[in-house]
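Q: Pasting in a structure now, in structure tokens, and then I'll have a few things to ask.
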Amino acid sequence: MMLRIPEPEVMNDPLQVDAYAAADFSSTDQTVVERVAMLLQASAASFPDQARLLDLGCGPGNITALLAQRWPHCSVLGLDAADRMIAVADERRRAAGVSSERLSYGKAPLPLRQAGQPADLIVSNSLLHHLHDPQQLWSSLIPLASARCLVLHRDLRRPDSEASIDRLCQCHVADAPSVLQRDYRASLHASFTVEEVKAQLLLAGLGHLQVDAVEDRYLEVSGWIAGCQAGSDVSRP
Numbered sequence: 102m103m104l105r106i107p108e109p110e111v112m113n114d115p116l117q118v119d120a121y122a123a124a125d126f127s128s129t130d131q132t133v134v135e136r137v138a139m140l141l142q143a144s145a146a147s148f149p150d151q152a153r154l155l156d157l158g159c160g161p162g163n164i165t166a167l168l169a170q171r172w173p174h175c176s177v178l179g180l181d182a183a184d185r186m187i188a189v190a191d192e193r194r195r196a197a198g199v200s201s202e203r204l205s206y207g208k209a210p211l212p213l214r215q216a217g218q219p220a221d222l223i224v225s226n227s228l229l230h231h232l233h234d235p236q237q238l239w240s241s242l243i244p245l246a247s248a249r250c251l252v253l254h255r256d257l258r259r260p261d262s263e264a265s266i267d268r269l270c271q272c273h274v275a276d277a278p279s280v281l282q283r284d285y286r287a288s289l290h291a292s293f294t295v296e297e298v299k300a301q302l303l304l305a306g307l308g309h310l311q312v313d314a315v316e317d318r319y320l321e322v323s324g325w326i327a328g329c330q331a332g333s334d335v336s337r338p
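Written as structure tokens, this is what we have:
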């Protein structure tokens, strides 16, 4: 098995921010939103009015904005440690004419202990592999969660060889700008395996969450948790 090689935790370089803001991640972004809908359906659950949906490591706000579109009766908050990413996300919100009461962004490095209203949904996409200490993410979930909170975390999973990394890069980013090709290779080196994530969750007291390998390069963590603070509850019909 290849050893993990961490990469920088925060993507705040102007070239990176511009490249990621311009890239088309619509397919994978939409997949996250559809998975949330599927998990709700599988549990016969729905988000009540004014529920808080939280996107950790939101970057330029792609998924955050999609969550606000899909569940317009909810309040959606995107958090990221990079101020330039947050600036791009908020500019897009203003350009789209979306109220900051429905969709808002803030700079907040992990770990987190509070983010205002407890969350009925906590998602992240491609955040885990950036963290030098993955417990920064997992230890944040329960303090942020409402009494019943759905969680969905999607990330790359580390391949078993350099040859596998070469194959994935050729398959998925061969035509991408050079900065994205460089970062994709670094991210594959920095990502975790399914077994490593299961061990992380056990340490955080979240061993009941499901961890699955998805497609040729992703892993997904999903399930329900109970927060340590009173808050809005996900309702059942």
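Start counting at 1 in the sequence shown, then tack on 101, and there's your number in the working numbering. All C-beta atoms in this analysis are idealised placements derived from N, C-alpha and C, irrespective of residue type, glycine included.
Can you give the Cα-Cα distance for A331 and Q218, rounded to whole angstroms?
A: Reliability of the predicted coordinates at A331 is poor, the pLDDT of 42 falling under 50, and no value is obtained from them.
Q: Pick helix, strand or coil for D313, following the three-state DSSP scheme.
A: Secondary structure at D313: strand, using DSSP grouped into helix, strand and coil.
Q: Compare the C-alpha of A196 against each of S225, A166, L269 and name the closest.
A: Looking at the Cα atoms, A166 is the closest of the given residues.
Q: What three-state label does DSSP hand I106 in the structure shown?
A: coil
Q: Which class does C270 belong to by DSSP, given the choice of helix, strand or coil?
A: helix
Q: Compute the distance between the beta-carbons of C175 and R203, then report whether it is under 9 Å.
A: yes
Q: Closer than 6 Å by C-beta to A183: which residues in its own chain qualify, once you throw out the five before and the five after it? Chain order, please.
A: V111, M112, N113
Q: One question on the structure: do D234 and S292 come within less than 9 Å of each other, judged by their Cβ atoms?
A: Judged by their CB atoms, D234 and S292 are not nearer to each other than the 9 Å cut-off.
Q: With 16 other CB atoms within 10 Å as the buried threshold, where does A314 fall?
A: exposed
Q: Identify the residues that DSSP records as bridge partners of Y206: which are they?
A: G179
Q: Buried or exposed: which applies to P115, given that a residue is buried once 16 or more other Cβ atoms fall within 10 Å of its Cβ?
A: exposed
Q: Using a Cβ-Cβ distance cut-off of 9 Å, determine whether G324 contacts chain B.
A: No chain B is present in this structure, which holds just one protein chain.
Q: Please list the segments of the beta strand (DSSP E) lying wholly inside the stretch 137-185, counting only runs of 3 or more residues, in order along the chain.
A: 153-157, 176-181
Q: What is the rounded straight-line gap between the Cα of S336 and the Cα of A277?
A: Note that S336 has pLDDT 40, beneath the 50 cutoff, so the model's placement of it is unreliable and the number below is only indicative. Cα-Cα distance, rounded: 42 Å.
Q: I'd like to know if the stretch 234-246 and the stretch 322-329 are in contact, where contact means that at least 3 CB-CB pairs between them fall below 8 Å.
A: The stretch 234-246 is in contact with the stretch 322-329.
Q: Are A152 and L213 touching if we call contact CB-CB under 9 Å?
A: Taking 9 Å as the Cβ cut-off, A152 and L213 do not qualify as a contacting pair.
Q: Terminal residues of the continuous alpha helix (DSSP H) containing S240?
A: 236-245
Q: Would a C-beta distance cut-off of 9 Å place S147 and W325 closer than the cut-off?
A: no
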